[in-house]
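Worksheet: one structure, shown below.
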Amino acid sequence: MVRRNRQLSLQENLIMMQENQGMKVLAQAIQESLRRNEEQGLMMDRRVQQLLHYTHEHQLRRLKWFTVIAKYRKAKKANFWYPDDFIYAKLRETHSEADIAVLCQKLMNTSKAKKVAKTLQHHLFQAWNNRGMRLEDVADMLGVLVSTANSVRSGILVDYQLKLTGEAVTRVRHG
């Protein structure tokens, strides 16, 4: 089979993402970003441009990787096969913490990889908390305002804020 190494058009990317059940949220986020940018006459967000450059196959491979890990853990009935720190280390080799947080947030909308994404996000939030990162620090890292309209990135901020608030309440109760 001959592989075509051409850049897919924006419309082709959106159609292919919408056909894949796990990519619906990503496609909607891209469409919303494009709509806002067209209305405001702004350039596309750098991260949206990067997402559009990924081929459909690359996105499917990443989703499949998480799905296979989740199935393997379930079959072995243990998390010591591909532990969370291994997954995190593998992702950190090629992605920033902000990109990993966005990936986890998106994967939580897929039933197959939800548990792996949720535990990975928990460990990521714990690392941020251990470094003393405030909500504003995380917002800066994600490149968004605390009250942004970007649903994926603001969702990460809300989840992190809940973790910080929950930990503060626990410290007061046990302190």
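Numbering (full-length UniProt numbering), first residue to last: 1 to 175.
The C-beta atom is built at its ideal place from N, Cα and C for all residues, glycine as well.
Small disclaimer: the values here were computed from a predicted structure and weren't measured.
Query, Result
"L135 versus D159, T94, R92, residue with shortest Cα-Cα distance", "D159"
"Cβ shell of A98 (< 6 Å), same chain only, five flanking positions each side left out", "M141, L142"
"DSSP state of E97 mapped onto helix, strand, coil", "helix"
"Close beta carbons around residue 177, own chain, < 8 Å, minus the five adjacent residues each side", "With the chain covering only 1 through 175, there is no way to say anything about residue 177."
"7 Å Cβ cutoff met for A89 and C104", "no"
"Residues near Q161 in its chain [Cβ-Cβ closer than 7 Å; skip 5 each side]", "L135"
"Helix, strand or coil at G155 according to DSSP, with G and I counted as helix", "helix"
"Sequence-distant residues of its chain with Cβ nearer than 6 Å to K163 (five each side left out)", "F125"
"Candidates V144, V138, H122, of which the one nearest G166 by Cα", "H122"
"Through-space distance from N129 to V144, alpha-carbon basis", "19 Å"
"Coil, strand or helix - A89 by DSSP", "helix"
"Helix, strand or coil at T165 [DSSP, three-state]", "helix"
"Q113 and L107 closer than 7 Å at C-beta", "The sequence given here places Ala at residue 113; Gln does not occur at that position. Contact: yes."
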